[in-house]
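Asks: I am attaching a structure below and will ask some questions about it afterwards.
Protein chains in written order, with this note's numbering: chain Z, 3 to 392; chain E, 3 to 127.
Put into structure tokens, the structure is as follows:
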């Protein structure tokens, strides 16, 4: 027997180490296969199951020995069968693909799984190993989310539809109001004219004369209301006016002249400060109307026991131009009446002789130009209106 | 505008026409005829041309504008004067009416004694 050389001995040690290594690695792969959290089923091209891992046993509920007597077809539901055949065809053409199919457990319960088969050659035999990941919960959550989304979408559509209907109803109501106000004008003009032709002396007895005087009072109130409505309508149809560069001082002065009687009657002292923003680009009629209505409002709601003081000022807040009108008049509870004071025919002081259209008009103008109006006020402490022109 | 002038009221609303008639009568004008639509007014002026027509614009059959267009070309209506009496004053309508030389005034309804007095001054000018 030939004595083994040192070289040979080292070669064999190497080989043995390599073999051990291969064995170790084989064991590692086996462990990975067995303990993978993803269920794995290995089958041949006839679809006969030849190996399964622990997770697959756990997932399907079959014993290993039971598995080895089954074909992969038997794990599918009826629906999944044709799918599986289809998958097989595809997997024969390529090595990997990922798809979804339904399976049934030993106890008959069904689940949906993401299936990733992989085909390869072992010796001369083709085998396929398949990752079968239960995605039932994931799918359920997705379906629920989808249902939730469609419910939400249906609700959004319902709200949108309601909002369209409300808008349409509002437009119809507005049109109705416009038509009513317009159509009332002609007969009312006649009533006023006829009543003016009569006088209390036309009546022989006191009772008729008194009735006539009440009738005239009612006609006068009605005329004022209809005239106001018609002027609002007129104004609303003229909301798209051209813009011009305007000086606040000049606009204020023109307005003061146009309502001088009313300002004198309320003994108003007006202070102005337009130093921060002397000019603005705005439709002239609209700016005049805003200023006139705010001043008229201040004059109308003057506190009887003190002279009226009004401060008109312009300031710039960020990029917005603010025109403010502050008075020391009757004031009101702004917290309580915030939503009410800008409505048509809304008056907070019944004894004051207004119709309640001024602030409504101001708000209509501002709405048309993307502006807004804010108010701070307390009873008997005056009112402070801030108008953001745009 | 004397008391003997011949007036035509072209107005479809009978109450409005009645009011105008009362005002005219209070000024002593009694030769007043009424037409309740534009066509009736047009037919009237063909046969018996009045001195002045108080004309409403919105009337059935033939409106005030058509009446103005049709009668302005008639030689028989050359001496006739027209006062437009309308329910709402519009600047554009006023300009349109004033294009006709025989339109001497454009006023808002109703006709009142004050308006008629002013019209008399204008007429005499």
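Think of the CB as a built atom: it goes at the ideal place given N, C-alpha and C, for glycine as much as any other residue.
Measure the Cβ-Cβ separation of residue 40 (chain Z) and residue 72 (chain Z) and say whether it is below 9 angstroms.
Replies: Mapped onto the first chain, residue 40 (chain Z) falls at position 38. Mapped onto the first chain, residue 72 (chain Z) falls at position 70. In this structure, residue 72 (chain Z) does not lie closer than 9 angstroms to residue 40 (chain Z) by Cβ.
Asks: State whether the stretch 37-44 of chain E contacts the stretch 59-76 of chain E, with contact taken as three or more CB pairs (one from each stretch) at a distance under 8 angstroms.
Replies: Yes, since at least three Cβ pairs between the stretch 37-44 of chain E and the stretch 59-76 of chain E fall closer than 8 angstroms, the two stretches touch.
Asks: Counting only beta-carbon atoms, is residue 24 (chain E) nearer than 9 angstroms to chain Z?
Replies: Looking up residue 24 (chain E) in the second chain gives position 22. Cβ-Cβ to chain Z under 9 angstroms: yes for residue 24 (chain E).
Asks: Between residue 158 (chain Z) and residue 301 (chain Z), what straight-line distance do the alpha-carbon atoms span, to the nearest angstrom?
Replies: Along the first chain, read from residue 1 onward, the residue named residue 158 (chain Z) stands at position 156. Along the first chain, read from residue 1 onward, the residue named residue 301 (chain Z) stands at position 299. One C-alpha to the other measures close to 47 angstroms.
Asks: Can you give, in chain order, each stretch of the alpha helix (DSSP H) that sits fully within the stretch 52-79 of chain Z and has at least 4 residues?
Replies: 56-62, 66-69
Asks: Residue 121 (chain E) and residue 85 (chain E) - do their beta-carbons sit closer together than 9 angstroms?
Replies: Here residue 85 (chain E) corresponds to residue number 83 of the second chain, with the count starting at 1. Here residue 121 (chain E) corresponds to residue number 119 of the second chain, with the count starting at 1. It is a contact, given that the beta carbons lie within the stated cut-off.
Asks: Could you check which residue in E:108, E:37, E:96, E:6 has the C-alpha nearest to that of residue 17 (chain E)?
Replies: Looking up residue 17 (chain E) in the second chain gives position 15. Of the candidates E:108, E:37, E:96, E:6, the residue whose Cα lies closest to the Cα of residue 17 (chain E) is E:37.
Asks: Mind checking residue 294 (chain Z): buried by the 16 CB within 10 Å criterion, or exposed?
Replies: To locate residue 294 (chain Z), count along the first chain from 1; it is residue 292. Buried, by the Cβ-count rule.
Asks: Residue 319 (chain Z) bridges to which residues according to DSSP?
Replies: Residue 319 (chain Z) sits at position 317 when you count from the first residue of the first chain. Note: residue 319 (chain Z) sits in a beta bridge opposite Z:322.
Asks: Report yes or no: do the stretch 127-141 of chain Z and the stretch 101-118 of chain Z share at least 3 C-beta pairs separated by less than 8 angstroms?
Replies: The stretch 127-141 of chain Z vs the stretch 101-118 of chain Z: in contact.
Asks: If we ignore side chains and look at the alpha-carbon of each, how far apart do residue 54 (chain Z) and residue 31 (chain Z) end up?
Replies: Working through the first chain from its first residue, we reach residue 54 (chain Z) at position 52. Working through the first chain from its first residue, we reach residue 31 (chain Z) at position 29. The alpha-carbon atoms of residue 54 (chain Z) and residue 31 (chain Z) are separated by roughly 14 angstroms.
Asks: Give the list of continuous alpha helix (DSSP H) stretches no shorter than 4 residues that lie fully inside the stretch 161-237 of chain Z.
Replies: none
Asks: Are the beta-carbon atoms of residue 227 (chain Z) and residue 278 (chain Z) separated by less than 9 angstroms?
Replies: On the first chain, residue 227 (chain Z) is found 225 positions in, with the first residue counted as 1. On the first chain, residue 278 (chain Z) is found 276 positions in, with the first residue counted as 1. For residue 227 (chain Z) and residue 278 (chain Z), no; Cβs fall outside 9 angstroms.
Asks: Tell me the rounded alpha-carbon separation between residue 87 (chain E) and residue 109 (chain E).
Replies: Within the second chain, numbered from 1, the residue matching residue 87 (chain E) stands at position 85. Within the second chain, numbered from 1, the residue matching residue 109 (chain E) stands at position 107. Roughly 5 angstroms separates the two Cα atoms.
Asks: Classify residue 75 (chain E) as helix, strand or coil using the three-state DSSP reduction.
Replies: On the second chain, residue 75 (chain E) is found 73 positions in, with the first residue counted as 1. In the structure shown, residue 75 (chain E) sits in coil (DSSP, three-state: anything other than H, G, I, E or B).
Asks: In chain order, what residues of the stretch 271-294 of chain Z put their CB closer than 8 angstroms to some CB of chain E?
Replies: none
Asks: Which same chain residues end up closer than 6 angstroms to residue 305 (chain Z) when comparing Cβ atoms and leaving out the 5 residues on each side of it in sequence?
Replies: Walking along the first chain from the start, residue 305 (chain Z) turns up at place 303. Here the set comprises 331, 332.
Asks: Which one of Z:60, Z:122, Z:367, Z:314 has the shortest CA to CA distance from residue 385 (chain Z)?
Replies: Translated into the one-based positions of the first chain, residue 385 (chain Z) becomes position 383. Checking every option, the nearest Cα to that of residue 385 (chain Z) belongs to Z:314.
Asks: For residue 89 (chain E), go through chain Z and note every residue whose CB falls closer than 8 angstroms to its CB, in chain order.
Replies: As a first step, residue 89 (chain E) is located in the second chain; it is residue number 87 there, counting from the start. Listed by position along chain Z, the residues whose Cβ is nearer than 8 angstroms to that of residue 89 (chain E) are 187, 188, 191.
Asks: Runs of 3 residues minimum, wholly inside the stretch 59-126 of chain E: which ones carry the beta strand (DSSP E) assignment?
Replies: 83-88, 105-110
Asks: Let me know if residue 329 (chain Z) comes out buried or exposed under the rule of 16 or more other beta-carbons within 10 Å of its beta-carbon.
Replies: Here residue 329 (chain Z) refers to the residue found at position 327 when the first chain is read from its first residue. Buried, because 16 or more other Cβ atoms sit within 10 Å of the Cβ of residue 329 (chain Z).
Asks: Here's the rule: buried if 16 or more other CB atoms are within 10 angstroms of the residue's CB, otherwise exposed. What is residue 391 (chain Z)?
Replies: Within the first chain, numbered from 1, the residue matching residue 391 (chain Z) stands at position 389. It is buried - the Cβ of residue 391 (chain Z) has at least 16 other Cβ atoms within 10 Å.
Asks: Beta-carbon within less than 7 angstroms of residue 254 (chain Z)'s beta-carbon, same chain only, minus the 5 sequence neighbours each way: which residues are those?
Replies: As a position in the first chain, residue 254 (chain Z) is number 252, starting the count at 1. Around residue 254 (chain Z): 274, 293, 314.
Asks: Applying a beta-carbon distance threshold of less than 8 angstroms, which residues of chain E neighbour residue 196 (chain Z)?
Replies: As a first step, residue 196 (chain Z) must be located in the first chain, where it is residue number 194. Near residue 196 (chain Z) (Cβ distances below 8 angstroms), the residues of chain E are 17, 21.
Asks: Per DSSP, residue 271 (chain Z) forms a beta bridge with which residues?
Replies: Residue numbering aside, residue 271 (chain Z) sits at position 269 when the first chain is read from its first letter. According to DSSP, which records beta bridges pairwise, residue 271 (chain Z) is partnered with Z:311.
Asks: Quickly, what does DSSP pair residue 329 (chain Z) with across the bridge? List them, please.
Replies: Stepping through the first chain from its first residue, residue 329 (chain Z) is reached at position 327. DSSP output for residue 329 (chain Z) lists Z:312 as bridge partner(s).
Asks: Using the beta-carbon count (16 or more within 10 Å), is residue 376 (chain Z) buried or exposed?
Replies: For the purposes of this step, residue 376 (chain Z) is identified with residue 374 of the first chain, where counting begins at 1. Label assigned to residue 376 (chain Z): exposed.
Asks: Alpha carbon to alpha carbon, how far is residue 176 (chain Z) from residue 235 (chain Z)?
Replies: As a position in the first chain, residue 176 (chain Z) is number 174, starting the count at 1. As a position in the first chain, residue 235 (chain Z) is number 233, starting the count at 1. Cα-Cα distance, rounded: 10 angstroms.
Asks: Distance check for residue 91 (chain E) and residue 126 (chain E), CA to CA, integer angstroms please.
Replies: Walking along the second chain from the start, residue 126 (chain E) turns up at place 124. Walking along the second chain from the start, residue 91 (chain E) turns up at place 89. Distance between the alpha carbons of residue 126 (chain E) and residue 91 (chain E): 24 angstroms.
Asks: Could you name the residues of the same chain whose beta carbon sits closer than 7 angstroms to that of residue 119 (chain E), not counting the 5 residues immediately before and after it, in chain order?
Replies: Here the question's residue 119 (chain E) lines up with position 117 in the second chain. Excluding sequence neighbours, residue 119 (chain E) sits near nothing in its chain.
Asks: Would the beta-carbon of residue 71 (chain Z) be found less than 8 angstroms away from any heavy atom of the ligand MG?
Replies: The ligand MG is not among the ligands present in this structure, which contains no ligands whatsoever.
Asks: So the beta strand (DSSP E) residue 379 (chain Z) belongs to, where does it begin and stop?
Replies: Here residue 379 (chain Z) is taken as the residue at index 377 of the first chain, counted from 1. First-last of the beta strand (DSSP E) with residue 379 (chain Z): 374-379.
Asks: Could you please give the first and the last residue of the uninterrupted alpha helix (DSSP H) stretch that includes residue 300 (chain Z)?
Replies: Position 298 of the first chain, counting from 1, holds the residue named residue 300 (chain Z). That run of the alpha helix (DSSP H) goes 286-302.
Asks: What is the residue span of the beta strand (DSSP E) that residue 101 (chain Z) lies within?
Replies: In the first chain, counting from the first residue as 1, residue 101 (chain Z) sits at position 99. That run of the beta strand (DSSP E) goes 101-106.
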